[in-house]
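Residue numbers 3 to 312, in this note's numbering, belong to the letters of the sequence shown in order. Here is the structure we will look at.
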Amino acid sequence: MSRSTRSNYLRAWEGAAGYHVGVNDPVGSLRDDAALSAAAHAIREADALLIAAGAGMGVDSGLPDFRGTEGFWRAYPAVAKLGLRFEEMATPVWFKKDPHLAWAFYGHRLHLYRDTAPHAGFSILRSWAATKQRGGFVFTSNVDGHFQRAGFDPGSVVECHGSLMHVQCMRRGCGGIEEASGIEVRIDAAVFRALDPLPRCARCGEVMRPNVLMFGDGGWDPDRTARQEARMEAWLGTLGRESRLVVVEMGAGMAVPTVRASMEHLVQVWGGRLIRINPREPSVPPGRGHVGLGCGALEGLRALEARMGA
Ligand SMILES: [Zn+2]
């Protein structure tokens, strides 16, 4: 994957090899009372909240996270038959070589994300952010549009890998990014191919593609994401250094570490405390009162909510 946008606080992830994983990290399970209390206290006392989410966030809504080839193939048996791993299916190459296959995959996901309701953890996060004097912001690698669906202000969301709720023309420079709200993709499930008509550009007639950063993707239009990142930079710029910024990160693993590494970089260069909720990889950088909770997103958010009210 490559990215063509960069910003001050979010540039570290390409150097993600330097990951800190150590046995002395303050990592706790939900049975670790001290870790849970420390995290709840930090969130309650924060005056600015940055909410960061990776693929694991959607799992509690019932969405597949494509973790590992086996997991991906369970979600997409038709792609398993083609022998394509996620990284081989999620590339812009298919929109040129075989757009009916490409739109079977992305059209299915578009409808799946539309038809799936964001889980209760989104509301918990929204209620926390609403009480913060300096407000909140969302940074997500998920392309499902679920933070906006859950009522977050679209002006306070960064979708660092783009959004499946938006499309762009395959012809470079043809036009801008459009909402996918009018797009319906019918799919022949037996052969896993989209039926005609495919989504096409109103200007030039070329096939449209999702405005999602794919693997090996040199054609992704980063404009929308760059504007979102600029708004987040501006928000961070309004926070004084004395602000108590807390980052609550959920379901952001190491396989595609954009969110994880960006948040580690941010708390390193900006400051703030990191609360990491992750069932398999909860380790956090040393020092500064960062806390890792080894559980799923919804379970962790509910436990924190309960502890904050206690
Ligand atoms: Zn076009």
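Note that the Cβ used here is the ideal one computed from N, Cα and C, for glycine as well.
Separation of D146 and A37 (C-alpha to C-alpha, rounded to the nearest whole angstrom) is 31 Å. For E283, the three-state secondary structure derived from DSSP is coil. In the DSSP assignment, L303 falls within the unbroken alpha helix (DSSP H) covering A299 to G311.
Taken atom to atom, the span from the alpha-carbon of H110 to that of V187 is near 8 Å. Taking a contact to require three or more Cβ pairs closer than 8 Å, the segment 50–64 and the segment 256–266 qualify as touching. If you keep only unbroken beta strand (DSSP E) runs of at least 3 residues inside the segment 30–71, you get 50–55. S158 sits away from H121, with the two beta carbons spaced by 9 Å or more.
For S129, the enclosing alpha helix (DSSP H) covers residues A122 to A132. A distance of 9 Å or more separates the beta carbons of V209 and M167.
Each of E72, S39 and V81 was checked against the Cα of V193, and the nearest Cα belongs to V81.
In the structure shown, T227 adopts helical secondary structure according to DSSP, grouped into three states. Rounded to the nearest whole angstrom, the CA to CA distance from V250 to I279 is 8 Å.
Looking at the DSSP output, Q170 sits in a beta bridge with R211. Contact between the segment 215–229 and the segment 237–253 is absent, with fewer than three C-beta pairs closer than 8 Å. Taking the C-beta atoms as reference points, P284 is found nearer than 9 Å to L295.
According to the DSSP assignment, M252 belongs to the beta strand (DSSP E) that extends over L247 to M252.
Residue environment: P156 is assigned as exposed (fewer than 16 neighbouring CB atoms within 10 Å of its CB, all protein chains considered). For V140, the secondary structure class from DSSP, reduced to helix, strand or coil, is strand. Annotation for I126: L303 and E307 place their beta carbon closer than 6 Å to its own, counting only its chain and skipping 5 residues before and after. For E208, the distance from the CB to the nearest heavy atom of ligand 1 is below 8 Å. DSSP places E186 outside both helix and strand once states are collapsed to three, so it counts as coil. In the DSSP secondary-structure assignment, I277 is bridged to V250 and V293. For W130, the CB contacts under 7 Å within the same chain, skipping 5 residues up- and downstream, are I45 and L51 in chain order. V269: member of the alpha helix (DSSP H) spanning T260 to V271, first to last residue. Sorting Y108, K99 and H102 by C-alpha distance to the C-alpha of A92 places Y108 at the top. For V95, the uninterrupted alpha helix (DSSP H) segment begins and ends at V95 to K99.
Annotation: the continuous beta strand (DSSP E) that includes V159 extends over V159 to E161. Placement of the Cβ of R243 at a distance of 8 Å or more from every heavy atom of ligand 1 is found. Non-local C-beta neighbours of V286 in its own chain, meaning closer than 6 Å and more than five positions away in sequence, comprise D27, L276, R278, H292 and G294, ordered along the chain.
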